[in-house]
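Counting from 1 along the sequence shown, just add 29 to a position and that's the residue number in this note's numbering.
All C-beta atoms in this analysis are idealised placements derived from N, C-alpha and C, irrespective of residue type, glycine included.
Quick caveat: nothing in here was measured; it's all calculated off a predicted structure.
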Amino acid sequence: MIRKTLISAVLITGIGATATLASEPYKDIQLVEFIGMKAPQTPGERSKAYTDARVKVTYRDGTEKTFGLTYNVLHYNTTSIDGVTAGMLYEKDGTPLLDHDGRARISEAPDANTLIDIPPRGEKSKEVKGGGLYLVTHFEYDWLGTDHDIKLPMTMSLATIEQDRNTGLLKTVSLSNIDMSSVGGLWNPCAGSPSLWGTHLGSEEYEPDACCYAERCKSVSACKGDELKHMHLYLDPSGKTKPARPYNYGLVPEVTVDASGKAEVVKHRALGRISREVAVVMPDNRTVYQGDDGTYNVLTMFVADRPNDLSSGTLYAARWNQTSGDKGGKAVLTWHRLGHASDEELDALVNARKLTFDGIFESSRTPAPGFTTIKAGHAKPAVEQHLKLKEGMEQAAAFLETRRYAAYVGATTEFEKFEGVAVNRADGKAYLAISSIRNGMEDKADDPANDIRLPRLSAGAGYEMSLSDGQTDKSGKAIGSEYAGTTIRPLLLGKDIEKNAFGDTAAIDKIANPDNIKYSEKMRTLFIGEDSTTGHINNFLWAYNIDTGHLARILSVPAGAEVTGLQVVEDLDGYSYIMSNYQHAGDLSKEIDPELKTKLTPVIDKSKAAIGYISGLPAFK
């Protein structure tokens with residue numbers, strides 16, 4: 030049963046980029062509220078990552094204190110330590126992956142961070158050999174390199190971090206590449222999250238379309254070249270002895286770091302195969318919600334067989350039953366059970382049986398008797414198909430073609446740009462980021478289901494999903510989780526505007542295209558990072574107090590850059606941090622004012638992206 034908990038004690042610290050500030054005594058607190066910063070105005074402000082926001086702490090005795098925030102860079106994608114470059118891409122044997130002109134490829138897109146303390150600081154008195162503070166960061170794609178539009182084998186870095194016990198400042202002291210050779214390489218990782226058992230849960234977004242590698246399906250679908258050709262290079266240049274199979278990508282990489290600082294990776298198949306933005310574990314250590322980025326996407330729930338183990342479980346997909354179409358809409362959710370599977374069972378289907386799309390579905394160019402018409406995809410040209418499931422292929426369809434099978438059985442595949450997920454344990458809520466309300470989320474008569482029928486809102490919205498135990502699926506069978514979603518409603522809405530003088534097309538004091546989100550239980554605050562291509566010229570990180578409804582801008586990143594890498598660390602030896610990166614700086618909006626573009630272009634270094642954190646906020650115990 031979900032129960033509401035109360036904030037107990039907090040250690041307040043003030044941390045500056047260079048100053049040494051003493052920690053204050055413990056005091057019970059009543060409210061933590063962020064005081065926002067103004068939007069950047071000058072080209073100098075627009076070209077950098079910075080904050081001049083503050084945080085106000087109100088104690089239960091009525092006293093208040095205010096602390097300033099600071100953005101600190103740990104390292105850049107281009108930073109090299111002892112010959113290891115943070116954003117370097119690698120071939121299978123660990124040698125750098127070269128561009129066509131012979132230069133080493135370095136990603137400009139650091140995304141997810143997970144700061145891992147081994148062993149946890151509360152256990153430092155125990156006899157544990159080794160250990161330390163480590164940061165896993167994965168990189169999404171190579172933005173500036175030749176053929177940057179082709180999916181390359183991507184990279185995860187492991188940084189060893191030192192904490193100054195007097196100031197709380199963090200420092201990167203070493204870098205290493207996390208070896209992906211055992212899992213066939215890393216495909217387009219996006220957001221990520223720390224598991225509750227101390228590992229890094231990554232993602233593989235925009236999974237390769239297996240239809241494009243099956244002759245019959247390919248003939249009835251719109252396919253764009255060979256997405257896997259660079260993964261062939263990672264596995265085997267000829268693609269003959271070990272071809273890259275589409276069903277080996279679009280999975281959940283889980284990274285475990287041991288006390289010696291060695292990282293090991295496994296990829297989980299049991300959570301299904303989607304354009305995964307992020308996988309977030311609920312407080313039972315079993316239930317997982319996942320973002321599915323793109324167009325005509327799905328909301329899935331995975332319930333693991335055992336706590337702390339994502340290798341087997343049951344997968345569900347949601348049906349949106351709309352109760353209101355106003356202001357972002359409201360709905361009651363019902364859950365379709367897609368199936369149960371283990372990583373081992375699915376691996377046998379993919380790599381032993383060498384299953385293809387045509388082995389799972391029959392496909393038709395036009396509607397036909399016995400075929401079901403669906404829209405389910407992450408690319409507009411290929412969202413509509415007419416499918417018929419082959420006999421006995423329910424499990425394969427559920428876990429290898431998750432989105433298509435969800436649509437096939439009646440779940441909703443009309444979510445648009447479904448990005449981040451966060452959980453509020455005390456209140457039994459999950460938060461979902463929908464970057465833009467459009468396409469399948471609009472009222473479209475030609476959609477096969479047309480479950481979601483909302484007015485277009487390009488600036489997007491943040492939603493709140495209520496969680497409960499005692500729920501059943503569509504067939505009436507019990508869902509074995511305390512955290513099944515029941516209803517969904519908008520929590521925060523962006524606002525579309527006529528383009529202003531700078532080129533913003535969304536209201537500057539509201540969220541625009543929410544993406545990466547994280548929630549702090551002890552601050553009762555939802556942190557929202559933006560990835561806006563036209564809404565805001567500069568993207569922001571916001572802090573939203575769920576009790577007061579107060580929204581505060583607390584970070585601005587360089588124009589064109591996306592806010593990534595969010596993680597809230599509530600207490601690390603008396604200090605707390607909001608991990609936050611930015612990627613693809615200078616990827617300017619097509620709507621930007623030409624004069625402003627002329628001023629910004631020479632002062633933004635497109636090759637640099639930061640891995641960093643915000644300091645100065647309260648620390649909790």
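Nearest candidate by alpha-carbon position, reference residue i, set the options
i: Tyr-548; options: Gly-457, Ser-304, Lys-419; result: Gly-457
i: Met-183; options: Asp-538, Asp-208, Glu-527; result: Asp-208
i: Thr-99; options: Leu-198, Val-113, Gly-131; result: Leu-198
i: Arg-348; options: Arg-298, Ser-267, Thr-442; result: Thr-442
i: Ser-76; options: Asn-568, Met-260, Glu-306, Ser-205; result: Asn-568
i: Val-294; options: Asp-146, Glu-137, Arg-194, Met-185; result: Met-185
i: Leu-118; options: Pro-148, Glu-169, Tyr-79; result: Glu-169
i: Gly-268; options: Asp-193, Gly-213, Leu-204; result: Gly-213
i: Gly-564; options: Ser-393, Ser-605, Ala-490, Ile-508; result: Ala-490
i: Asp-376; options: Gly-342, Gly-368, His-297; result: His-297
i: Ala-590; options: Glu-624, Asp-634, Phe-556; result: Asp-634
i: Pro-623; options: Pro-125, Ala-299, Ala-530; result: Ala-530
i: Leu-339; options: Leu-378, Ser-371, Asn-326, Lys-417; result: Ser-371
i: Arg-394; options: Gln-414, Leu-173, His-579; result: Gln-414
i: Asp-255; options: Tyr-242, Pro-266, Asp-265; result: Tyr-242
i: Leu-580; options: Leu-625, Val-586, Gly-523; result: Gly-523
i: Ile-466; options: Ala-239, Tyr-325, Gln-319; result: Tyr-325
i: Thr-593; options: Glu-62, Gly-131, Glu-137; result: Glu-137
i: Lys-29; options: Glu-420, Gly-368, Gly-399; result: With the chain covering only 30 through 650, there is no way to say anything about residue 29.
i: Phe-503; options: Arg-366, Val-598, Ser-609; result: Per the sequence shown, residue 503 should be read as Lys rather than Phe. Closest option to Lys-503, Cα to Cα, is Arg-366.
Inter-residue Cα distance where the pair is residue i and residue j
i: Leu-629; j: Glu-74; result: 10 Å
i: Tyr-611; j: Pro-396; result: 45 Å
i: Asn-350; j: Ile-517; result: 10 Å
i: Leu-328; j: Asp-287; result: 33 Å
i: Ile-481; j: Trp-364; result: 16 Å
i: Glu-430; j: Lys-551; result: 39 Å
i: Arg-553; j: Asn-574; result: 6 Å
i: Met-422; j: Ala-188; result: 43 Å
i: Ile-190; j: Ile-546; result: 24 Å
i: Pro-72; j: Lys-356; result: 35 Å
i: Gly-91; j: Glu-511; result: 37 Å
i: Ala-652; j: Val-310; result: Only positions 30 to 650 of the chain appear in the structure, and residue 652 is not among them; the question remains open.
i: Thr-534; j: Glu-559; result: 14 Å
i: Met-470; j: Met-330; result: 20 Å
i: Asp-130; j: Ala-459; result: 47 Å
i: Pro-336; j: Ile-463; result: 29 Å
i: Tyr-437; j: Ile-403; result: 7 Å
Contact belief for residue i with residue j at Cβ below 8 Å, rounded distance in angstroms
i: Leu-584; j: Ile-643; result: 6 Å
i: Gly-221; j: Val-307; result: 6 Å
i: Ala-541; j: Ser-561; result: 4 Å
i: Lys-528; j: Glu-620; result: 6 Å
i: Leu-520; j: Phe-556; result: Not a contact, Cβ separation roughly 13 Å.
i: Thr-87; j: Gln-59; result: 5 Å
Local conformation of residue i per DSSP, three classes
i: Met-470; result: helix
i: Asp-602; result: coil
i: Pro-477; result: coil
i: Val-665; result: Only positions 30 to 650 of the chain appear in this structure, which leaves residue 665 out of reach.
i: Ser-211; result: helix
i: Pro-275; result: helix
i: Arg-134; result: coil
i: Ala-427; result: helix
i: Lys-296; result: strand
i: Met-66; result: coil
i: Arg-433; result: helix
i: Met-260; result: helix
i: Phe-531; result: coil
i: Lys-635; result: coil
i: Lys-626; result: helix
i: Val-597; result: strand
i: Arg-245; result: helix
i: Pro-148; result: coil
i: Pro-72; result: helix
i: Asn-101; result: strand
i: Glu-591; result: strand
Residue i, buried or exposed, once every other Cβ within 10 Å from all chains shown has been counted against 16
i: Glu-448; result: buried
i: Trp-571; result: buried
i: Asp-321; result: buried
i: Asn-101; result: buried
i: Ala-638; result: buried
i: Ser-2; result: With the chain covering only 30 through 650, there is no way to say anything about residue 2.
i: Thr-143; result: buried
i: Lys-253; result: exposed
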